[in-house]
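So that you can map any letter, position 88 of the sequence shown is 130 in the numbering used here, and since no number is skipped, the others follow by simple counting. Ideal Cβ positions, reconstructed from N, Cα and C, are used throughout, including at glycine. For reference, the structure discussed in these notes is given below.
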Amino acid sequence: MFALLCSRNLVCGKVCLETPLDCISKFNKRNRVILGVRPEDIKVYLESKENAFLAQLVLVEKMDKYTILSLSWQGQNLKAIVERNFSIQPKRDSIWFHFDMDRVYLFDRNAQELLK
Numbered sequence: 043m044f045a046l047l048c049s050r051n052l053v054c055g056k057v058c059l060e061t062p063l064d065c066i067s068k069f070n071k072r073n074r075v076i077l078g079v080r081p082e083d084i085k086v087y088l089e090s091k092e093n094a095f096l097a098q099l100v101l102v103e104k105m106d107k108y109t110i111l112s113l114s115w116q117g118q119n120l121k122a123i124v125e126r127n128f129s130i131q132p133k134r135d136s137i138w139f140h141f142d143m144d145r146v147y148l149f150d151r152n153a154q155e156l157l158k
């Protein structure tokens, strides 16, 4: 997902995400970055939580040991992995989530080199 670095925040569409201080020095003057996050590092909630975002729930895939949730947020497709017994209603159309910002990856948008 594309993002802009503005001061100490990542701006993704209409949303600002606070960036850990330890990675700011690696950015120098690069302000266009790619935000990468693994599905297991997206935390999902059935109700609104502080710092959580509302996404459209597109698909629920029950696997043997876990469940994959396909989400649509700000025009981006995301996948989240939750426990197999995660209680979700079959007709639910939205869900809350947040990124574990200590576990995200930031890449230089042009060089595609890892910054954090």
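Here's a check: name, in chain order, each residue in its chain whose Cβ is nearer than 6 Å to the Cβ of residue i, leaving out the five neighbours to either side.
i      : result
Asn93  : His140
Leu120 : Leu113
Lys85  : His140
Val79  : Phe141, Val146
Ignore the nearest five residues each way along the sequence and tell me which others in residue i's own chain have a CB closer than 7 Å to its CB.
i      : result
Val99  : Rather than Val, the amino acid found at residue 99 in this sequence is Leu. For Leu99, where only same-chain residues beyond five positions count, the Cβ hits under 7 Å are Leu111, Leu113, Arg134, Asp135, Ser136, Ile137.
Ile123 : Pro81, Glu82, Tyr108, Ile110
Using the beta-carbon count (16 or more within 10 Å), is residue i buried or exposed?
i      : result
Leu96  : exposed
Leu88  : exposed
Leu101 : exposed
Leu156 : exposed
Taking the beta strand (DSSP E) that residue i falls in, what are its first and last residues?
i      : result
Leu120 : 118-125
Ala97  : 95-104
Phe149 : 147-150
Per DSSP, what kind of secondary structure is residue i in: helix, strand or coil?
i      : result
Asp83  : helix
Phe139 : strand
Leu46  : For Leu46, the predicted model reports a pLDDT of 49, less than 50, meaning its position is unreliable and no value from the coordinates is stated.
Ile76  : strand
Ile130 : coil
Ser90  : coil
Leu156 : strand
Please report the Cβ distance between residue i and residue j, rounded to the nearest whole angstrom; I am assuming they are in contact, meaning their Cβ atoms lie under 8 Å.
i      : j     : result
Asp150 : Val75 : 7 Å
Arg126 : Lys91 : Wrong, their Cβ atoms sit about 22 Å apart, outside the cutoff.
Given the structure, does residue i come close to the ligand ZN, in the sense that its CB is under 7 Å from one of the ligand's heavy atoms?
i     : result
Asn93 : Questions concerning the ligand ZN fall outside what the structure shown contains, since it holds no ligand whatsoever.
Counting only the same chain and skipping the five closest in sequence on each side, list residues whose C-beta sits under 8 Å from that of residue i.
i      : result
Ser129 : Leu88
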